[in-house]
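Heads up, the thing below is written out as structure tokens.
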Amino acid sequence: MIRSEFTAAIKEASAVVDKTWPLYGFVTANPLSGYEHLPFGEAVMEAKRTLQVLALPGAAMFRQAFMSGEIDYQILAEKLAESGRYQKPEYYLEEMDVTSCPHRTNETHELDRITAKWLSVFMDEGMAEWEMPGRSAGFFTAWRRIALHDSELRNFSIHTMPHTAVETLRVILKGCSAEEQTAIFKYHLSALPGWTGYIKYRMSECPPWQQQNPVTLEDYLAVRLWLAEQINGGIRSEEKIAEDEQAVSELQLIWLAAWESSWQKRLAGRLQENLMSLKSVSKLSKSTLAQMVFCIDTRSEPIRRHIEAKGQYETFGYAGFFGIATNYCDPASGLIRKSCPPILDSAYMITESALKEKSAELAQYQQQKNYQGFISFLSQRLKNMLPSAFGYVEGTGLFYGFSLIRRTFFPSVAKSRTDKSADQYENSCVPQLKKNQGDYTEDGIKLKERALIVKTAFDLLGWKEFAPLVIFAGHAGQSANNPFKSSLDCGACAASPGRHNARMLAELANQADVRTFLKSDCGISIPAGTFFVGAEHNTATDELVIFDSEAPASHLSMLKQIKQDLADVQRIATSERLGSLNGLDAARKKASNWAETRPEWGLAGNAGFIVAPRDLTRGMNLEGKCFLHSYDWEADEQGLFLEMIMQGPMVVTQWINNHYYFSTVDNERFGGGSKITHNVTGNFGVVQGNGGDLKSGLPLQSVNSSDNIIYHHPLRLSVLIQAPVSRIAEILLRNDHIKNLVDNKWIYLMVMDPLYGNQISLYQYDCSWTVINTEEWSDLLA
């Protein structure tokens with residue numbers, strides 16, 4: 049990127065806006081990541097002032113939690129008293145009711161409308177029938193050429209504009225100091241955070257559309273500031289928070305901390321109680337049929353619990369990209385998608401290679417996908433093109449009428465997404481791993497590198513023994529007519545399905561040379577009778593499909609038994625989740641119904657991240673509220689594996705947690721608004737109604753059970769790790785970013801120290817800790 053005198057100021061100003069990810073890769077992230085250098089309380093106040101948002105739960109949310117007993121009365125009273133407040137909690141609820149919802153005004157409405165209109169036209173990714181001419185020249189140049197012909201802008205003197213964005217900014221900002229420039233940029237970038245966030249995404253990720261039609265924040269600011277002067281809306285506004293609003297925010301922080309403390313102590317008490325009830329650490333039994341590794345996703349917790357209840361299975365938690373920093377290339381379309389956390393560069397590419405005896409099946413699959421793609425493209429063209437639109441609607445009206453009736457009143461319940469033939473290329477292909485080398489891939493990953501991927505997985509899981517079958521289960525969602533579908537897929541895979549990585553890790557672990565290397569160089573001996581296989585957990589229906597086309601004959605009877613058990617587990621899990629005896633039928637209907645606004649709840653309800661052996665949580669019903677990562681502190685003497693977990697999965701779960709938190713506390717600004725009035729724009733995002741800002745968060749229906757009743761409880765992430773406190777303190781001192789997150793209370797950190805009787809301590813600040821008194825839990829356990 050070419051730098052200018054404005055680059056540094058724009059970079060600093062744009063920190064107030066996080067990246068907006070596209071619908072086809074809807075990565076959850078902390079929308080206030082640019083404020084993480086501040087303590088949480090200061091950050092939300094700054095965001096309120098800069099972005100005009102509500103960054104703390106409102107009185108109605110606190111009332112709902114207080115009345116249901118989720119906020120412990122004694123804990124709340126103590127925290128109120130610490131701040132010099134001695135009235136009853138109900139008094140402060142009334143106080144928040146009156147002043148916690150300030151009136152919003154948008155003095156730049158007209159400016160926002162015009163800039164959003166042009167951004168949607170320029171940034172279109174193949175949805176528009178008539179694309180904006182000259183886009184390859186970049187946003188500023190293309191806009192300057194075309195806007196001359198916009199009758200709405202005929203009086204805006206566009207012909208007098210300088211010919212570059214930099215020159216335009218120089219003219220507009222003449223006489224402004226560096227501080228004033230930064231303040232002006234911050235004000236205008238935060239006016240449409242969804243759109244500017246998507247520009248940030250395109251600039252940082254550089255997808256094909258950005259390469260073809262580049263847009264930069266500098267271009268955007270030059271256009272917007274020129275328009276601002278012409279509209280006489282001014283280029284700067286001062287926002288201040290009144291004294292009474294400051295006091296209410298302080299009160300909200302107290303209530304939030306009490307809510308979080310109540311949840312933490314309830315969880316800690318249950319964990320201690322569960323630990324005391326364990327007679328001994330379980331070992332792999334000869335009767336164990338399979339070990340199953342699921343993503344740490346909160347939706348994996350219930351199904352793991354029900355699988356273990358069958359008595360022949362061990363389950364483990366591991367980040368759903370299964371340690372492979374990769375992209376994935378679709379065998380039919382050739383499209384490439386990221387399949388690992390966004391914080392990682394993709395070192396590899398997973399491709400598919402047809403089995404010799406199945407090459408005809410793969411060709412048939414590719415032909416079918418190409419045909420379906422052509423029919424879809426043709427149908428869309430006929431509906432949208434002016435000459436054919438009316439005739440197409442008239443000619444197909446009867447067909448679509450019956451189709452609408454069927455989809456509305458008789459949604460398909462027979463088959464899930466993973467059961468459809470179009471997705472069964474896994475039966476005819478074997479995954480291959482290639483090395484990413486810039487613009488091309490390189491075949492032939494070295495043995496040591498392949499073995500290290502497998503070893504790292506085993507080390508992080510604390511594995512010492514292996515069952516006859518080891519199943520790596522990625523996950524994906526299933527829904528119909530849902531622009532936000534990718535938000536239900538695997539967050540660790542950058543909102544892609546996790547099955548590709550799961551199959552790839554299984555393939556590596558089955559390779560004979562990898563096993564030989566692990567035994568001779570790493571001391572890891574995998575029994576000859578152990579076979580690894582990939583699978584996919586459908587989080588909407590709790591179906592688990594095993595990709596076992598290459599399984600040896602010796603394991604077929606075991607696989608048959610496992611599939612029978614998983615079918616039972618699916619019925620039990622869906623019935624528990626949906627509170628219905630016919631939960632499986634209901635789940636299938638919800639996943640297939642195009643009118644269903646809540647095909648599943650996704651990660652709504654997430655509040656905790658537990659890093660520990662499964663024995664600590666085995667048998668506990670955590671209600672799908674906790675991420676679970678397997679970890680054995682005794683197998684990690686140097687703390688290197690724990691450091692990897694804290695650097696990666698812990699940070700990613702904090703992103704997810706904050707994404708849900710902020711989408712709940714202010715769904716209008718941080719979330720996606722109601723699905724009822726969504727319109728997809730450009731194939732990459734949604735807007736509310738016919739324009740306005742691009743929505744960057746989750747829809748209202750993903751976090752609320754009704755317009756006014758929350759389903760997701762907005763709590764900051766509470767992490768509990770079973771490991772020596774000294775080990776965790778050393779990790780924090782080596783990692784400034786992680787220490788910053790816990791020091792500034794973006795994450796709560798609790799440690800269960802096995803060297804001190806598994807007592808639990810809560811991190812305070814700068815590596816200081818407070819021991820939680822177990823006697824205080826008795827009232828909370830009731």
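Mapping to my numbering: the sequence shown position 460 is 508, numbers consecutive. For glycine and all other residues, C-beta sits at the position ideal for the given N, C-alpha and C.
Segment limits, beta strand (DSSP E) that includes residue i
i      : result
Phe657 : 656-659
Met698 : Here Met698 belongs to no beta strand (DSSP E); instead the alpha helix (DSSP H) covers 697-713.
Phe364 : 361-365
Phe342 : 338-342
Val263 : Val263 -> no beta strand (DSSP E), and no H or E assigned at all.
Met397 : 396-402
Gly582 : 579-586
Glu555 : Glu555 -> not in any beta strand (DSSP E); alpha helix (DSSP H) instead, spanning 547-558.
Val734 : 733-736
His677 : 674-677
Ala521 : 517-524
Glu589 : The sequence given here has Thr at residue 589, not Glu. Run containing Thr589: none; DSSP gives neither H nor E here.
Three-way DSSP call (helix, strand, coil) for residue i in this model
i      : result
Met692 : helix
Ile232 : helix
Ile574 : coil
Glu598 : coil
Trp511 : coil
Phe718 : coil
Val65  : coil
Tyr759 : coil
Phe506 : helix
Glu53  : coil
Ser544 : strand
Thr729 : strand
Tyr488 : strand
Buried or exposed (CB count within 10 angstroms, at least 16 for buried), residue i
i      : result
Val329 : Residue placement at Val329 is poorly supported in this model, since its pLDDT is 49, which falls under 50; the coordinates still yield a value, given next. With fewer than 16 other Cβ atoms within 10 Å, it is exposed.
Cys836 : Limits of the chain in this structure are 49 at one end and 830 at the other, which puts residue 836 out of reach.
Trp69  : buried
Leu332 : exposed
Thr589 : buried
Ile35  : Given a span of 49 to 830 for the chain in the structure shown, any question on residue 35 remains unanswerable.
Trp642 : exposed
Pro181 : exposed
Cutoff 8 Å; reference residue i; Cβ partners in own chain excluding five residues on either side
i      : result
Glu143 : Val296, Leu299
Val713 : Leu102, Ala103, Leu104, Pro105, Gly106, Met109, Pro762
Tyr134 : Leu128
Gln559 : Arg498
Tyr796 : Glu308, Gln312, Arg764, Leu765, Ser766, Val767, Val790, Leu810, Tyr811
Gln749 : Thr645, Arg646, Ser722, Lys723
Leu690 : Val659, Tyr679, Trp681, Asp684, Ile769, Ala771, Arg775, Ile776, Ile779
Cys570 : Ala499, Lys503
Val751 : Ala652, Tyr708, Ser711, Thr712, Asn715, Gly719, Ile758, Tyr759, His760
6 Å Cβ shell around residue i - same chain, five flanking residues per side excluded
i      : result
Thr818 : Leu810, Gln812
Lys463 : Confidence is the limiting factor: at Lys463 the pLDDT is only 45, short of 50, which leaves the residue's position unreliable and the question unanswerable from this model.
Ala46  : Summary: the structure shown does not reach residue 46, with the chain confined to residues 49 through 830, and so no result is reported for it.
Thr244 : Val65, Leu237
Gly82  : Ala63, Val64
Gly719 : Ser711, Gly745, Leu746
Ser52  : Val214
His726 : Val734
Chain-order list of residues whose beta-carbon lies under 7 Å from that of residue i (same chain, five-residue window excluded)
i      : result
Ile572 : Lys503, Phe506, Leu566
Ala57  : Ala226, Gln229, Thr230, Phe233
Met209 : Arg192, Thr216, Trp274
Phe370 : Ala505, Phe520, Asn549, Ala550, Leu553
Pro87  : Asn792, Lys793
Proximity test, Cβ basis, 8 Å: residue i and chain B
i      : result
Val790 : Among the chains in the structure shown there is no chain B, since it carries only a single protein chain.
The alpha helix (DSSP H) enclosing residue i, as first and last residue numbers
i      : result
Pro256 : 256-260
Ile384 : Not the alpha helix (DSSP H): Ile384 falls in the beta strand (DSSP E), residues 384-386.
Leu375 : The identity of residue 375 in the sequence shown is Asn, whereas the question assumes Leu. Where Asn375 is concerned, there is no enclosing alpha helix (DSSP H), although the beta strand (DSSP E) it sits in stretches over 374-377.
Met109 : 107-115
Gly89  : 88-99
Glu356 : 348-356
Near the ligand FAD: residue i beta-carbon under 7 Å from a heavy atom
i      : result
Ile779 : This structure lacks the ligand FAD; in fact it carries no ligand of any kind.
Next on the checklist: List, from N- to C-terminal side, the alpha helix (DSSP H) runs of 4 residues or more that fit wholly inside the region 766-824.
Outcome noted: 773-782, 784-791
Item to check | Start-end ranges of the beta strand (DSSP E) lying completely within the region 171-205, minimum 3 residues | outcome: none
Checklist entry - At what residue ranges does the region 613-646 contain a whole run of the alpha helix (DSSP H), taking only runs of 4 or more? => result 631-640
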